[in-house]
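These notes are about the structure you will find just below.
Residue numbers (my numbering), protein chains in the order written: chain A, 325 to 728; chain B, 31 to 109.
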């Protein structure tokens, strides 16, 4: 769940990290008043959940309250990458001596949070990492054990920052890391983190993303930021496939299905799930050279209609030739119910289930009943004696042929 | 295509039993039965959702309701 810059700034401020005397508003008149309070040149920034604001004209500088109002009016009416601004942020134009970069991200490979720091702020960190790798410091830390400031200091020092600057930056990066854990963030970024002419540091821009699943735990924070339950804040516009799967899921309380296809263009549809099975199986398909058409999660004992709905959406995707129905071991999700659902999907789309379902590998509750159903439609299936990896291999082989 | 995996048979002897109609509507977890003005009605669109719990079979008098597994050579849940 992505937060607007003005919300991210509030989080940064609450974490004890210095920020400028900024103001958020949804009106041009109010923007002028905030600029007057600031009492000097200001920058007006569009509040949209997308990048490329500067290029699109969503960031403008103003020397007077009147000019601030004019820019705010223009920016409030400016759509950026299909996003209408929530409002504008009015910020003092700071006299910056040097720009730094500080962030904390979740490292999925290390399964730990990681601090990132660079003494080359204000530009994309990916670009810095590529062109000046020695200017990027990295430091993993535990999200269970208390964080020591020393860990933040090591990360900063890795870029060659020393002395008074290192001492001043350390508590800022440490506070960002603590906030990341306390607020269930997946990304907490300050860029630029500016050193002003007087030697003090302020966060000039912040970008925060919170784990979607943490919403119930972070209710008080969301209330403080005026984020309602309806405000879902997807990081991107869902594809028609994703929207359809979501609607099917919402229409029936039994079980859970999720589907993603952004970034997938393969020919093998995946109806997968159970206890981490989706990630494992997607990786397994790819490791065997398969090209998934989507990612999905199915579990919690869905109805026949829901399993059918997901399978139909997957089968309806352009380029999908077959589907693989695979899960880890299921306990509450019933094998026979999912089998009925995916077969029904094939039949409703005038497809032969035996030809369309490359493999069915769901061991667990009611599997004997499920296997009877699969037998009656000539579908290849396997039980837990066949690993998920092997099941994925068989599915890929069926759709692409055996490797030479 | 209404149902292809399951068939639910209600005998004529119990179809008009108002008490049973109400009870079946109450016990079926997937809404296969409806109480239609005191008669047992099978909701065709929900039949394939049957979870084989046998609640309907046990609620009915012997021979009242049969649940047939169409994929299993017509094996039935009945009493």
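No residue lacks a Cβ here, since even glycine has one placed at the ideal position from N, Cα and C.
Since the structure is predicted, the reported quantities are computational estimates derived from the model, not experimental observations.
* Asked: Is the region 669 to 682 of chain A touching the region 50 to 64 of chain B in the sense that three or more CB pairs, one from each, lie closer than 8 angstroms?
  -> no
* Asked: Taking three-plus beta-carbon pairs below 8 angstroms as touching, is the region 490 to 507 of chain A in contact with the region 336 to 351 of chain A?
  -> yes
* Asked: Would DSSP call residue 344 of chain A helix, strand or coil?
  -> For this step, residue 344 of chain A is matched to residue 20 along the first chain. Residue 344 of chain A: coil per DSSP, three-state reduction.
* CB-CB under 8 angstroms to residue 566 of chain A, same chain, minus the five flanking residues each way: which ones, in chain order? -> Residue mapping note: residue 566 of chain A aligns to position 242 of the first chain, counting from 1. 583, 584, 585 and 586.
* Asked: Would you say residue 696 of chain A faces chain B, with C-beta separation under 7 angstroms as the test?
  -> What you label residue 696 of chain A is simply residue 372 of the first chain in a count that begins at 1. So, interface residue.
* To do: Could you tell me which chain A residues have their CB closer than 7 angstroms to the CB of residue 102 of chain B, listed as they occur along the chain?
  => The count along the second chain starts at 1 and reaches residue 102 of chain B at position 72. Those are 696, listed as they occur along chain A.
* **Contact set for residue 728 of chain A: own chain, Cβ-Cβ below 7 angstroms, skip 5 residues either direction** => Counted from its first residue, the first chain places residue 728 of chain A at position 404. Model confidence at residue 728 of chain A stands at a pLDDT of 49, short of 50, so the residue's coordinates are unreliable; what they give is reported in the following sentence. For residue 728 of chain A, where only same-chain residues beyond five positions count, there are no Cβ hits under 7 angstroms.
* Spatially closest choice to residue 683 of chain A from A/492, A/441 and A/714, by CA coordinates -> Here residue 683 of chain A refers to the residue found at position 359 when the first chain is read from its first residue. Looking at the Cα atoms, A/714 is the closest of the given residues.
* Asked: Counting contacts by CB-CB distance shorter than 7 angstroms, is residue 35 of chain B in contact with chain A?
  -> Within the second chain, the letter at position 5 stands for residue 35 of chain B. Yes, because at least one Cβ of chain A sits closer than 7 angstroms to the Cβ of residue 35 of chain B.
* Asked: residue 418 of chain A and residue 392 of chain A look like a contact to me (Cβ under 8 angstroms); what is the Cβ gap, rounded to whole Å?
  -> Here the question's residue 418 of chain A lines up with position 94 in the first chain. Here the question's residue 392 of chain A lines up with position 68 in the first chain. At roughly 16 angstroms, the Cβ-Cβ gap does not stay under 8 angstroms, so residue 418 of chain A and residue 392 of chain A are not in contact.
* Min CB distance residue 67 of chain B to chain A below 7 angstroms -> Residue mapping note: residue 67 of chain B aligns to position 37 of the second chain, counting from 1. No, no contact with chain A.
* What's the gap between the Cα of residue 426 of chain A and the Cα of residue 640 of chain A? -> Locating residue 426 of chain A in the first chain gives position 102, where the first residue counts as 1. Locating residue 640 of chain A in the first chain gives position 316, where the first residue counts as 1. In a straight line, the C-alpha of residue 426 of chain A is about 44 angstroms away from that of residue 640 of chain A.
* **Residue-chain proximity (residue 79 of chain B, chain A), Cβ-Cβ < 7 angstroms** => Within the second chain, residue 79 of chain B is the residue found at index 49, counting from 1. By this cut-off, residue 79 of chain B is an interface position.
* Does the count of Cβ pairs from the region 502 to 510 of chain A and the region 429 to 441 of chain A closer than 8 angstroms reach three? -> yes
* To do: Answer yes or no: do residue 708 of chain A and residue 689 of chain A have a C-beta to C-beta separation smaller than 7 angstroms?
  => Along the first chain, one-based indexing puts residue 708 of chain A at 384. Along the first chain, one-based indexing puts residue 689 of chain A at 365. Taking 7 angstroms as the Cβ cut-off, residue 708 of chain A and residue 689 of chain A do not qualify as a contacting pair.
* Asked: Near residue 346 of chain A, what residues of its chain come up, given a Cβ to Cβ distance below 7 angstroms and the 5 sequence neighbours on each side ignored?
  -> Position 22 of the first chain holds residue 346 of chain A. These residues qualify, in order along the chain: 333, 413, 414 and 415.
* To do: State the DSSP-derived secondary structure class of residue 728 of chain A, mapped to helix, strand or coil.
  => For the purposes of this step, residue 728 of chain A is taken as the residue at position 404 of the first chain. Only weak support is given to the placement of residue 728 of chain A: the predicted model assigns it a pLDDT of 49, under 50, and the question is left unresolved by the model.
* For residue 596 of chain A, which of A/459, A/691, A/618 and A/706 has the nearest alpha-carbon? -> Along the first chain, read from residue 1 onward, the residue named residue 596 of chain A stands at position 272. For residue 596 of chain A, the nearest C-alpha among the options comes from A/618.
* Stretch-stretch touch, CB-based, cutoff 8 angstroms, three pairs: the region 514 to 532 of chain A with the region 441 to 452 of chain A -> yes
* Name, in chain order, the residues that DSSP records as bridge partners for residue 524 of chain A. => Taking the first chain and counting its residues from 1, the one referred to as residue 524 of chain A is at position 200. Paired residue(s): none; residue 524 of chain A is not in a bridge.
* To do: Give the range of the beta strand (DSSP E) segment to which residue 580 of chain A is assigned.
  => To locate residue 580 of chain A, count along the first chain from 1; it is residue 256. Run containing residue 580 of chain A: 580 to 584, per the beta strand (DSSP E) assignment.
* Asked: Are residue 101 of chain B and residue 700 of chain A closer than 7 angstroms when you measure CB to CB?
  -> For the purposes of this step, residue 101 of chain B is identified with residue 71 of the second chain, where counting begins at 1. For the purposes of this step, residue 700 of chain A is identified with residue 376 of the first chain, where counting begins at 1. Result yes, Cβ atoms of residue 101 of chain B and residue 700 of chain A sit closer than 7 angstroms.
* Asked: Going along the chain, which unbroken runs of the alpha helix (DSSP H) with 4 or more residues stay wholly within the region 526 to 557 of chain A?
  -> 543 to 548
* For the alpha helix (DSSP H) that contains residue 333 of chain A, what are its first and last residues? -> Residue mapping note: residue 333 of chain A aligns to position 9 of the first chain, counting from 1. Unbroken alpha helix (DSSP H) run through residue 333 of chain A: 329 to 338.
* Asked: When we look at the beta-carbon of residue 32 of chain B and count the other beta-carbons within 10 Å, is it buried (16 or more) or exposed?
  -> Taking the first residue of the second chain as position 1, residue 32 of chain B is located at position 2. So residue 32 of chain B counts as exposed.
* Among B/108, B/98, B/107 and B/109, nearest to residue 35 of chain B - alpha-carbon criterion -> Counted from its first residue, the second chain places residue 35 of chain B at position 5. Here the closest residue by C-alpha is B/98.
* Whether residue 593 of chain A touches residue 644 of chain A by CB criterion (7 angstroms) -> Here the question's residue 593 of chain A lines up with position 269 in the first chain. Here the question's residue 644 of chain A lines up with position 320 in the first chain. Yes, they are a contact pair.
* List, in order along the chain, the chain B residues whose C-beta lies closer than 9 angstroms to that of residue 668 of chain A? -> Reading the first chain from its first residue, position 344 is the one you call residue 668 of chain A. Result: 31, 34, 35 and 78.
* Asked: What does DSSP give as the partner residues of residue 65 of chain B in its beta bridges?
  -> Walking along the second chain from the start, residue 65 of chain B turns up at place 35. Answer is B/70.
* Is the region 718 to 725 of chain A close to the region 84 to 97 of chain B, with three or more CB pairs under 8 angstroms? -> no
* Nearest residue (CA-CA) to residue 564 of chain A, options A/550, A/649, A/327 and A/642 -> On the first chain, residue 564 of chain A is found 240 positions in, with the first residue counted as 1. Comparing Cα-Cα distances from residue 564 of chain A to each of A/550, A/649, A/327 and A/642, the minimum goes to A/642.
* Asked: In the structure shown, what three-state DSSP assignment does residue 644 of chain A receive?
  -> Walking along the first chain from the start, residue 644 of chain A turns up at place 320. If DSSP states are grouped into helix, strand and coil, residue 644 of chain A belongs with coil.
* is_contact[residue 628 of chain A, chain B] using C-beta, thresh 7 angstroms -> Residue 628 of chain A sits at position 304 when you count from the first residue of the first chain. So, interface residue.
* **Buried/exposed call for residue 635 of chain A, threshold 16 Cβ in 10 Å** => In the first chain, the residue the question calls residue 635 of chain A occupies position 311. Residue 635 of chain A should be labelled buried.
* Mind pulling the chain B residues with CB within less than 9 angstroms of residue 655 of chain A? -> On the first chain, residue 655 of chain A is found 331 positions in, with the first residue counted as 1. Those within 9 angstroms of residue 655 of chain A in chain B number zero; the least Cβ separation is about 15 angstroms.
* Could you pull out every unbroken alpha helix (DSSP H) segment of at least 4 residues lying fully inside the region 427 to 471 of chain A, listed in chain order? => 449 to 455
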